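This report concerns only the one structure given below.
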Amino acid sequence: MPLIIKDEYPEVLFRKDGKRLDGRDVDELRPIKMDVGIIKNADGSAYLEWGNNKIFAAVYGPREVHPHHLAKPDKGILRVFYRMATFSVFDRKRPAPGRREKEISMIVADCIEPVLFLELYPGTSFEVFIEVMDADGGTRCASTTVAALALADAGVPMKSLVSAIAVGKIDGKRVVDLSGIEDKAGEADLPIAITWYNEEVSLLQFDGDMDLNEMNEFLVLAKDALNKIHQIQLDTLKSKYVKLQEEISKENVEIENKGDS
Ligand code: UDP
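For what it's worth, my numbering labels the leading residue of the sequence shown as 1, then goes sequentially.
In structure tokens:
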């Protein structure tokens with residue numbers, strides 16, 4: 001059953017002042033906050049708040065593959081498990097993984113795999129567990145973004161990060177970063193992911209109605225948003241190392257002081 005019954009969709013998705021219903025301009029992202037290293041039992045982890053979306057990602061690996069028959073003798077494998085908590089949406093979500101969760105798990109793995117050096121890890125796996133605690137549109141893009149960040153936090157060698165964004169059309173206007181209601185009531189939805197080392201599109205899905213020229217305009221709109229998301233990912237990773245450096249310097253001073261006394 002959908003989160004919002006069709007009859008309950010708002011008739012218009014723009015306010016009289018030209019802003020979207022949540023007060024954003026057409027090219028404005030929802031507020032984004034990221035953090036890394038928040039799950040102590042994982043090899044790497046990240047947390048993302050993106051508008052009302054709240055998502056954790058935990059990385060384990062390289063480690064033995066279970067079940068064994070999935071292991072590949074010539075390379076490692078990346079396995080992604082995307083799950084939405086039962087309380088993450090307006091209607092209670094069934095706890096068993098549904099078709100959508102399996103599809104999103106596969107998509108996220110496919111768009112992150114190109115940045116990994118899996119050939120260096122034969123017979124092993126990297127596993128990324130994504131838990132959506134609160135969902136409000138664009139969770140596949142947010143999950144891709146936070147999963148890449150968690151892999152980087154785990155110290156997994158990567159050619160670059162991966163960032164993702166959904167652009168789309170609502171009330172005939174092109175917008176970035178569709179919220180849940182815009183995703184459902186709008187005319188088109190286009191999730192896009194980019195691998196930064198070669199600036200190639202590693203995910204392009206499409207739901208709705210648009211022509212090829214329009215698609216190009218969407219890609220231009222997405223690029224600007226993707227740059228902003230990438231910068232937040234980089235800043236989050238840098239701040240982890242700045243903090244670490246400060247702690248090490250503090251410890252060194254303490255050791256020196258103890259040595260002097
Ligand atoms: N959603 C929901 N119930 C579900 C699945 C999704 O309410 O069982 C909502 C959720 O807010 C999600 C949005 O619908 O973010 C859009 O879902 P879609 O399948 O388009 O994926 P997403 O936009 O999250 O990548």
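Glycine included, C-beta positions come from ideal geometry on N, C-alpha and C. Here the structure is a predicted model, which is why all the values come from computation and not from measurement.
Residue pairing from DSSP leaves G18 without any beta-bridge partner. Looking at the DSSP output, D207 bridges to D189. Distances from the CB of K93 to the heavy atoms of the ligand UDP include at least one below 7 Å.
Contact between V115 and S160 holds: their C-beta atoms lie close to 6 Å from each other, under 8 Å.
Secondary structure of A222 (DSSP, three-state): helix. In the structure shown, T86 adopts coil according to DSSP, grouped into three states. DSSP links M215 through a beta bridge to no other residue.
When the alpha-carbon of L29 is set against those of D260, S249, K238 and N227, the nearest one is in N227. Taking each of Y9, E8 and D25 in turn and checking the Cα distance to K16, the smallest one comes out for D25.
Where I112 is concerned, the enclosing alpha helix (DSSP H) starts and stops at R99 to I112.
D235 sits in a helix when the DSSP states are folded into three classes.
Contact annotation: M210 and K169 have beta-carbon atoms nearer than 8 Å. For A147, the shortest separation between its Cβ and any heavy atom of the ligand UDP does not lie below 7 Å. Contact check for A57 against I130 passes: the beta carbons are separated by less than 8 Å. For the ligand UDP, no non-hydrogen atom lies closer than 7 Å to the CB of P97.
Using a Cβ-Cβ distance cut-off of 8 Å, the segment 31-47 and the segment 150-158 are in contact, since at least three pairs of beta carbons, one from each stretch, lie closer than that value.
Scanning its chain for C-beta atoms nearer than 8 Å, with the 5 sequence neighbours on each side dropped, one finds around D110 the residues S202 and L203, in chain order. Shortest Cα-Cα distance from M158 to any of R100, T195 and M34 involves T195.
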